[in-house]
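Here's the structure we're looking at; comments come further down.
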Ligand code: SF4
Ligand SMILES: [Zn+2]
Ligand SMILES: [Zn+2]
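In this note's numbering, the protein residues as written are 1 to 378.
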């Protein structure tokens, strides 16, 4: 049984029923057969450990707990408040489930969903509903920030803006356009940080998984983006008192393992992909990494672990002054959030984008901003 090729197959979206079928036929016993008497239903990609359903679920939970404790991400029974960034996707749904399994009562948890205004396939509405229902299921207080309401712009608007640039052949503006995902990331980061700080949370947990982290590492490596490469792994180390530490408990759990965990635990999540995901160049890199994983099984976890253990300390050493500058305690003159200039990059971006929308209005006499009411997608 070539598991690594299955690893690749599953990543090719929703072929995972085939994947399951092949595991059922693998005919291996659980490593702990003597205690559980069950056949194996999963093989951990980097260790070859064949496990039954129950032992697989426990293996994932054990690895997550170990990382939480090792990195001191958060501590139960210490009056800490954890904010989970909920998206309705499999990563954050699994994260909520694992945290509630590990800490059923002894941790104060709330969730925040960022409504990005992506109407294709009802993407934003459906993901918000799934996230909210899952939080209700666990009695987790659920909050929503609607970027359209707060900033007058959503991700569909930004996509429309890009399309106008293309149609009008505004090459300069098109080149300056950073891509839907880049703006989306900045909306999410800024609002999650701000919300967590203002509401007194002690940590923010996100569902980033090993596959995402390894891909972003490769991307920054290829771009020789040393500032990004110097950024922390599973837990942020910001010294700024205005930034709540960010933690990634699923940092060493692969996308495949998360999908299988969701399947075996019947965890609901939005199976459809964001319509803008495919446009992201990083997606191609992910496919390449998964292909490498096919013939170098365990490569992804080894390379990510190795980077944070061996290479990152060297990069950090070399870039200490820049890192300190990034963590400076200046406050943005517009929004009051920490920045290393006068105005934070989020406010600068918002100002620039509004100017671009005005320009389209004035030059082409078309308003491309969508309506505020997202409950009636057209
Ligand atoms: S794929 Fe891009 S646009 Fe879609 S939710 Fe993710 S970051 Fe946002
Ligand atoms: Zn077992
Ligand atoms: Zn600002």
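Where is the CB? At the ideal position from N, CA and C, for every residue including glycine.
Residues of its chain near residue i, where Cβ-Cβ distance is below 8 Å and the 5 sequence neighbours each way are ignored
i: residue 268; result: 93, 130, 133, 134
i: residue 272; result: 121, 123, 126
i: residue 366; result: 164, 360
i: residue 362; result: none
Identity of the residues DSSP links to residue i by a beta bridge
i: residue 110; result: 83
i: residue 51; result: 42
i: residue 277; result: Answer is none; residue 277 lacks a bridge partner.
i: residue 246; result: 204
i: residue 29; result: 39
i: residue 115; result: 146
8 Å Cβ cutoff met for residue i and residue j
i: residue 270; j: residue 168; result: no
i: residue 96; j: residue 155; result: no
i: residue 253; j: residue 64; result: yes
i: residue 393; j: residue 229; result: Since the first residue shown for the chain is 1 and the last is 378, residue 393 is missing from the structure and cannot be characterised.
i: residue 161; j: residue 33; result: no
i: residue 71; j: residue 201; result: no
i: residue 193; j: residue 244; result: yes
i: residue 214; j: residue 303; result: yes
i: residue 289; j: residue 218; result: yes
i: residue 275; j: residue 118; result: yes
i: residue 179; j: residue 279; result: yes
i: residue 53; j: residue 259; result: no
i: residue 67; j: residue 112; result: no
i: residue 186; j: residue 346; result: yes
i: residue 109; j: residue 145; result: no
i: residue 177; j: residue 210; result: no
i: residue 116; j: residue 147; result: yes
i: residue 45; j: residue 355; result: no
i: residue 438; j: residue 332; result: There is simply no residue 438 to check, as the chain begins at 1 and stops at 378 in what is shown.
Residue i - containing alpha helix (DSSP H), residue span
i: residue 33; result: 33-36
i: residue 94; result: 90-102
i: residue 134; result: 123-137
i: residue 236; result: From DSSP, residue 236 is part of no alpha helix (DSSP H); its letter is neither H nor E.
i: residue 305; result: 299-306
i: residue 185; result: 180-198
i: residue 223; result: Run containing residue 223: none; DSSP gives neither H nor E here.
i: residue 259; result: 255-264
i: residue 269; result: Here residue 269 belongs to no alpha helix (DSSP H), and DSSP marks it neither H nor E.
i: residue 159; result: 155-167
i: residue 284; result: 282-295
i: residue 174; result: 171-176
Endpoints, beta strand (DSSP E) assigned at residue i
i: residue 143; result: 142-146
Cβ shell of residue i (< 6 Å), same chain only, five flanking positions each side left out
i: residue 241; result: none
i: residue 56; result: 42
i: residue 247; result: 73, 203, 205, 235
i: residue 28; result: 40, 50
i: residue 220; result: 228, 229
i: residue 2; result: Unreliable positioning characterises residue 2 in this predicted model, as indicated by a pLDDT of 33, which lies under 50. A coordinate reading is not provided.
Spatial neighbours of residue i in its chain, beta-carbon cut-off 7 Å, leaving aside the 5 residues before and after
i: residue 350; result: 151
i: residue 257; result: 60
i: residue 101; result: 61
i: residue 375; result: The predicted model places residue 375 with a pLDDT of 36, which falls under 50 and marks its position as unreliable, so this point remains unresolved.
i: residue 138; result: 96, 100
Completely contained alpha helix (DSSP H) runs for the stretch 313-370, where each covers 4 or more residues | For the stretch 313-370, the full-length alpha helix (DSSP H) segments reaching 4 residues or more read 320-326, 345-364 along the chain.
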